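2 protein chains.
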Amino acid sequence: MGRNVYIENKPLEEALDLFNRCLTECGWLAPQFEEVDIMECLGRRTFHPVYARRSHPHYMASAMDGIAVKAASTYAASEVNPVNLDPDQVLMVDTGDYVPPQFDAVIMIEDVNMIGGQYQIIRAAVPWQQIRSVGEDMVEQDMIVPSRTLIGPYELASFKTASVERVPVIKRPVVAIIPTGTELVERGYDDMPPGEIVESNSRMLAALCEQWGGVALRHDIVIDDKELIRQAVVEMEPQADMIVICSGSSAGREDYTASIVEELGRLIVHGIATRPGKPAILGTINRKPVIGVPGYPVSAQLIFSLFAQPIIYARSGGEMPSPDTIQCQVARKLPSHAGVDEYVNVNVAKISDHFLAYPLNRGAGVTSMLVKSDGVLHIPRGSEGLDAGSPCTVALCRPRPVIENTLVCLGSHDLAIDVLIDILQKDHGIRMISTNVGSMGGIVSLSRGETHCAGLHLLDYESGDYNTSYLKKYLGRQKVMLVNLVNRDQGLVVQKGNPLEITGIEDLLRPEVRYINRQKGAGTRLLLDYLLQKKNIDNSGINGYNREEYSHLAVAASIKNNAGDAGMAIYASARILDLDFVPVETERYDLCILPDLFTGRQLDSLLTAINSNEFKRRMQSLGGYHLENTGLIIQDGVG
Amino acid sequence: MGRNVYIENKPLEEALDLFNRCLTECGWLAPQFEEVDIMECLGRRTFHPVYARRSHPHYMASAMDGIAVKAASTYAASEVNPVNLDPDQVLMVDTGDYVPPQFDAVIMIEDVNMIGGQYQIIRAAVPWQQIRSVGEDMVEQDMIVPSRTLIGPYELASFKTASVERVPVIKRPVVAIIPTGTELVERGYDDMPPGEIVESNSRMLAALCEQWGGVALRHDIVIDDKELIRQAVVEMEPQADMIVICSGSSAGREDYTASIVEELGRLIVHGIATRPGKPAILGTINRKPVIGVPGYPVSAQLIFSLFAQPIIYARSGGEMPSPDTIQCQVARKLPSHAGVDEYVNVNVAKISDHFLAYPLNRGAGVTSMLVKSDGVLHIPRGSEGLDAGSPCTVALCRPRPVIENTLVCLGSHDLAIDVLIDILQKDHGIRMISTNVGSMGGIVSLSRGETHCAGLHLLDYESGDYNTSYLKKYLGRQKVMLVNLVNRDQGLVVQKGNPLEITGIEDLLRPEVRYINRQKGAGTRLLLDYLLQKKNIDNSGINGYNREEYSHLAVAASIKNNAGDAGMAIYASARILDLDFVPVETERYDLCILPDLFTGRQLDSLLTAINSNEFKRRMQSLGGYHLENTGLIIQDGVG
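In the order they appear, the protein sequences are chains A and B.
Heads up: the first sequence runs through residues 1 to 639, numbered per this note's numbering.
Heads up: the second sequence runs through residues 1001 to 1639, numbered per this note's numbering.
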């Protein structure tokens, strides 16, 4: 089958060391020189010092609007005995004008009276007063800046002023990025068939490369054909200082990177003991670094950051910024393989006086995790992970003030939470992050003080009321505020046109109906269980009861893609995806707030956002929401 | 004369308030919407939330290389009783491949044995194992990011993955920048006559504007002609969201900005009580902000930063970064007018355990000061300034780690110091800043512990030796290290071809010889005084003895520009500027180091740099330097 199943498991440190040693030996890491026009130097770093090519000013210049005089001609002047100068004894000058050698002082215009064509002076001028000497700012051949200086607006202006026209800068390393994969397309389009994916890794790596000081040179997508990939490498190599091949780095039937590197240059490492990232490739072709990054985006990002970032900075002459780190407690247990260096993306928020790190989904294929991430937690090789509550250090990728002003909302998810997040960020400058852990997960997080608030829709089977009895039971001693966000229609989302003619939950027992359930602890699952119980239906008769999705939209999307026929979800999810909906129940969806974890301004902002017309308007437009009680405070204080 | 001498002196706070109120009232500060192609969204900020247009994956996808199966077909499998599947019961899949509905599990290839055309399975598959569900990463219509999110590499990749092709972003405000001035030219050229200046302010402001999130639209230089400037404003206004007119903001004969704003729109403020910056103009034309900035670069930079920066950020939807501030002691007295808000650019360095702020030259025409500046010290209106040693707060414009690793060299200046600065930055990553305060100034700074080191060339009139007797006298108790940098030729720099036939210092008494002296405390001035004394020459007979320049190159540049005929300076300054040189003396130029103020690494680096071949080679190539004792430690310890 052409598979070469085994790749190495080289420890990270060793892989870094081998790669760096190789690049140091061939001198690749040393910055290279080029000269650019003054108008292209902004943001670059100087290779050599930059010297002034002309003094500034390069002539004796007036420092004021006034008249140039020979100082000696004014020595007799006083308020009592003014001196009157003839027009041929003075020269009218504005600030910056040339003062010719026959003059040696300037008198500001405010101190001069014009009387009958003569200039009346009432105070003696001191020689060289109000005259800027040659080179006051910069002298010809002065070193304006040394080597390795980042050129910003002020350096640019100084160079211009000193008549510098060509600037010696460090050449930005050119990084060729070659995306490979038969399944890849350049842009999304309607009715994209299953199996096709929009290529995005090369875009991400190119943007990172430019951020780090490199120039990205992206090749078009190459299909999984060894000869074509090889051709692409051979074509890019002469134009590039470094080559990155996206995906194909593993040892599957269509993974060609390793053998191409071996044939064209030197394969240094294949397989690195990191998670994510393991099937990565390091090598050189013509003494230039080559990196084979895995196809999963989070793996690609990690491998590129670990191996390309330091060498791009070194070659660009810049200091690689060391990330701000923060001491946190990890919010939940994080097991790890002792054999790998593991990098976990986390959210970070300040809860009362400490910072909590919330591990994000560790799936390497989850691009959205990189968008959500506030930083990275490194679990070094040899460690078997962290227990919940353990201290840990997070390398932040967001400014600390943003982290410090972040609200956490762990609980049931509703589109109302997204709308709130948007309004809070837009109108109040407050960031709220939300993870869907279901209503019961929200209750647990609230009870542990791990979240500022939680969306809840927990039906009390006995009273038929929502949420309050749960708060009493699980948060009895805590000060909480319960606010209604929306009432919403729950029901069965079904295929467009309802081809299976589903009319209620009894139909879920029909064997041809593929049901998609929600995860345990989700309020929507509890609602289904309650309805099944009321009707004495045994859930083991439902095809797919154990198949779980984590949100309303995920359930609806699966049905839309014909991976299922019915699922309990809110009306809006059916409407958004143009599916049919069989209403079952209208339920209350509240936000439970722990007011002691909020600053006054944060709480004001949150309540203002909930009560805003914009919130109601946007929810209304989604359909299936009832807003008559929105903002109503159902409970305030210990329950 | 067409002058309108009087402009206001509006307090800064009031001017800011008037301007902001006006822009708030007309709604100018609110971010504006535009939609851009996905490939142009990097670095922009979202106006609306961005929603996924397609789930990712949008089909059930294999999470591994392996075979897709119907889980039920494997239930009987065990190591003892393997199940053999026919080719029509399985589908070979690679990671990411589509798993069609007839399959519901994937078995990784490592767990499959091919035996006689059949697939041997030794463990039962669990339904949905190794299958990525639809929308595992993102579900169609998921909010990927809320409004006001800065789009970086990960957001870009997520948008691509979710088939987003058009991105709703905040429009970057377009800032028209109009440079005015008859004296201005676009580029420097050979033999630029006196009075001409290379235009640089608009380049600086354009670069700042882009840094802050705006788009700069620069007009060509307009000469000082009211009608032409007016036409430029009228031409730019429809394309711009904001207009900046460079220079012409005062009340001189050729200052037209105020009257143009008055005619075309509304003049809000003319004259603001800041230093620098006073003659600034604020107004609106067609409800768009107009700022008239003064012609002096430091004034232009201050006014643009105070008034344009916050409104560009507001309109771009970004949070204006608050600068890192640092508590310092001011190194020397800083008097200020009680009537103005004064902004002083300073260098900052850490000396033992505290930070010192060294005020830079306050001349508003000194572009190079902005290059040197590490931060700004604000002396509020009402204060009469700061005494030396007073505590003060500096808003940093460089990262704190750079400041913390900065060495200070206050003393006599020599080109050797520039070469050292360059080598230290390039090869050792250490920044050294130097200000020329003369040798005696260096001694004073050393004795106060205000500098890490100082260049000295102080001749002892009695012994004929250099530096050591001064160290004994002024730094008797301090631990110092004195290292020879160079020996250098001092002499009279004269016009090319020596037209006045100057042969020695006696010729300075000739009345037609315009001498240019160095400032008091400069070693070169002391050398002249010593030589004059030895020859019993009275300095009052020298034309220009009181005319002072602050460096060798400044003296030479004045002679080059025919502002003088002779000046004492080092040979290299004559050679660099292609002038003639009459040798007078070879002197020792040493570096005096206070080792206790250095870290071990810093001191090692400095001594390594001094002893490097590169240092010697570069000094040698300048001419007039003798390097036989370079690096020699003349004194080490208390003198």
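For each residue, glycine too, the CB sits at the ideal point set by N, CA and C.
Predicted model, so just to flag it, every value in this text is computed and none were measured.
- Annotation: A:L267 has no Cβ neighbours in chain B at a cutoff of 8 Å; minimum Cβ distance is about 21 Å.
- Closest in C-alpha terms to A:L18, from the list A:V269, A:V222, A:Q129, comes A:V269.
- Secondary structure of A:M192 (DSSP, three-state): coil.
- Exclusion of the five residues before and after B:A1572 leaves L1415, L1622, G1623, G1624 as the residues of its chain whose Cβ lies within less than 6 Å of its Cβ.
- In this structure, the alpha-carbon of A:I131 lies about 20 Å from that of B:M1192.
- Less than 8 Å separates the beta-carbon of B:A1388 from that of B:A1331.
- Flagged as an interface residue toward chain A: B:L1042, by a C-beta distance shorter than 8 Å.
- Secondary structure note for B:T1325: its beta strand (DSSP E) is the uninterrupted segment 1325-1330.
- Taking 9 Å as the cut-off between beta carbons, the residues of the stretch 66-93 of chain A near chain B are M92, in sequence order.
- Counting along the chain, the unbroken alpha helix (DSSP H) around B:N1020 starts and ends at 1012-1025.
- Between B:H1058 and chain A, the shortest Cβ-Cβ separation is below 8 Å.
- In terms of beta-carbon proximity, B:K1160 lines the interface with chain A, with at least one pair separated by less than 8 Å.
- Within the stretch 1390-1428 of chain B, complete alpha helix (DSSP H) segments of at least 4 residues are found at 1400-1404, 1415-1428, given in chain order.
- Residue state for B:F1615 is assigned as helix, using DSSP reduced to three classes.
- Residues of chain B with a Cβ closer than 7 Å to the Cβ of A:I144 are, in chain order, S1368, V1371.
- Residue range 201-211 is occupied by the alpha helix (DSSP H) that includes A:N201.
- The CB of A:L360 never comes closer than 9 Å to any CB in chain B; the least such distance is about 12 Å.
- Looking at the backbone, the Cα of B:D1636 and that of B:D1565 are separated by about 42 Å.
- Residues of chain B with a Cβ closer than 7 Å to the Cβ of A:S200 are, in chain order, A1157, K1160, T1161.
- A residue is called buried once 16 or more other Cβ atoms fall within 10 Å of its Cβ, and A:H354, having fewer, is exposed.
- Burial check for A:K496: the Cβ neighbour count within 10 Å stays below 16, so the residue is exposed.
- In its chain, beyond the 5 residues on either side, I1430, R1431 have a beta carbon closer than 7 Å to the beta carbon of B:N1405.
- Under the Cβ distance rule, A:D191 does not count among the residues neighbouring chain B, no pair being separated by less than 8 Å.
- Within the same chain, and ignoring the five residues on either side of A:N113 in sequence, the residues whose Cβ sits closer than 7 Å to its Cβ are Q120.
- Put simply, the CB of B:W1128 is near chain A, with a gap under 8 Å to one of its CB atoms.
- Put simply, the CB of B:R1021 is far from chain A, with every gap to its CB atoms at 8 Å or more.
- Our two residues, B:L1208 and B:S1305, have alpha carbons roughly 8 Å apart in a direct line.
- At the C-beta level, A:D241 and A:V174 come within 8 Å of one another.
- Using a Cβ-Cβ cut-off of 8 Å, A:L208 is close to P1153 of chain B, given in chain order.
- Within the stretch 1542-1612 of chain B, the runs of alpha helix (DSSP H) at least 4 residues long that lie entirely inside it are, in chain order, 1552-1560, 1571-1576, 1600-1610.
- Neighbourhood of A:V134 in chain B, by CB distance below 7 Å: A1557, S1558, N1561, A1563, in chain order.
- For B:I1421, the residues of chain A that pass the 8 Å Cβ criterion are M143, P146, in the order they occur in the chain.
- For B:H1428, the closest C-alpha among the options A:A124, A:D86, A:P146 is that of A:P146.
- At a cut-off of 8 Å between C-beta atoms, B:S1259 does not count as an interface residue with respect to chain A.
- Per the coordinates, the alpha-carbon of A:Y313 lies some 29 Å from the alpha-carbon of A:A162.
- In this structure B:F1047 is in contact with B:V1169, their Cβ atoms being roughly 6 Å apart against a cut-off of 8 Å.
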